[in-house]
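K.L.:
When we follow the working numbering, the leftmost residue of the sequence shown carries the number 37, and every step to the right adds one.
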Amino acid sequence: MGETFPIIETDLLATIETRLRTLEANGGIERLQNQMREQAVASVRRPKPVEGLTPATARREWLYDPSMVLEDDIVDAKGQLIAPRGTRVNPLDHVSLGQDLVFVDGTDAAQIDWAVRTYSAARAKVIFVAGSPFDAMKPYQRRFWFDQGGQLTARFGIRHTPAVVTGAAVSSGVKALKVSEVPLAPKGRAS
37 MGETFPIIET
47 DLLATIETRL
57 RTLEANGGIE
67 RLQNQMREQA
77 VASVRRPKPV
87 EGLTPATARR
97 EWLYDPSMVL
107 EDDIVDAKGQ
117 LIAPRGTRVN
127 PLDHVSLGQD
137 LVFVDGTDAA
147 QIDWAVRTYS
157 AARAKVIFVA
167 GSPFDAMKPY
177 QRRFWFDQGG
187 QLTARFGIRH
197 TPAVVTGAAV
207 SSGVKALKVS
217 EVPLAPKGRA
227 S
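(1) Would a C-beta distance cut-off of 8 Å place P83 and T197 closer than the cut-off?
(2) Any C-beta of chain B sitting closer than 8 Å to the C-beta of P120?
(3) Please report the residue range of the beta strand (DSSP E) in which A199 lies.
(4) Looking at C-alpha atoms only, which residue of G38, L56, V162 and F180 is the closest neighbour of V16?
(5) Confirm, please, whether the CB-CB distance from G167 to E247 is below 8 Å.
(6) Going by other Cβ atoms of all chains shown within 10 Å of its Cβ, with 16 needed for buried, is R67 buried or exposed?
(7) DSSP on F41, reduced to helix/strand/coil?
(8) Mapping the DSSP letters down to three states, classify I118 as helix, strand or coil.
(9) Which of the three DSSP states, helix, strand or coil, is assigned to K84?
(10) Return the first residue and the last residue of the alpha helix (DSSP H) that E60 is part of.
(11) Could you check the C-alpha separation between K174 and G209 for me, to the nearest Å?
Structure (structure tokens):
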């Protein structure tokens with residue numbers, strides 16, 4: 037057997053523990069916690085804008101069919117089959133869109149003004165794709181929402197704002213939602 041040498045490296049866990057104790061002693065952990073808290077609050081107050089959306093320059097309308105094909109059987113608590121796999125289900129056959137959905141760029145005052153002038157809080161939910169819904173609530177005295185991660189705009193195929201999603205029926209009898217991108221008139225001209 038060959039010659040052996042003592043291990044002279046410090047233990048990784050001991051090194052981490054020493055660094056944590058040093059950070060704790062000099063207030064570093066508290067600073068990190070405060071920094072993380074501030075970042076979390078900032079991201080809630082002003083979420084990351086939905087990428088790729090631009091102001092509408094031409095009216096564009098289409099129908100969105102929310103139907104889906106079930107990938108698995110749907111059963112109740114007793115195991116009774118409610119709907120078999122492969123069934124086409126349209127949620128609008130069971131529930132309606134209670135309020136219109138109005139998508140606006142919250143950094144564009146003209147879009148917000150148009151939305152609150154055109155749609156009462158009872159008639160529509162105004163959903164920001166950029167900007168801070170929290171900062172707009174006080175001056176407009178109404179609640180605003182945000183399309184986190186662009187989930188809704190992607191689902192409805194919205195590329196421009198303002199855009200409005202309303203309930204509508206397709207002539208073939210399939211219930212669908214009507215999606216409209218609405219260009220605003222330039223300042224000084226009636227919309």
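Even for Gly, the Cβ is constructed at its ideal location relative to N, Cα and C.
Since this is a predicted model, take the numbers as computed values, not measurements.
P.N.:
For this structure:
(1) no
(2) Here chain B cannot be found, since the structure has a single protein chain.
(3) A199 to A205
(4) For the chain, the structure presents residues 37 to 227; residue 16 sits outside this window and is missing.
(5) One cannot answer for residue 247 here, as it falls past the ends of the chain, which runs 37 to 227.
(6) exposed
(7) coil
(8) strand
(9) coil
(10) L48 to A61
(11) 42 Å
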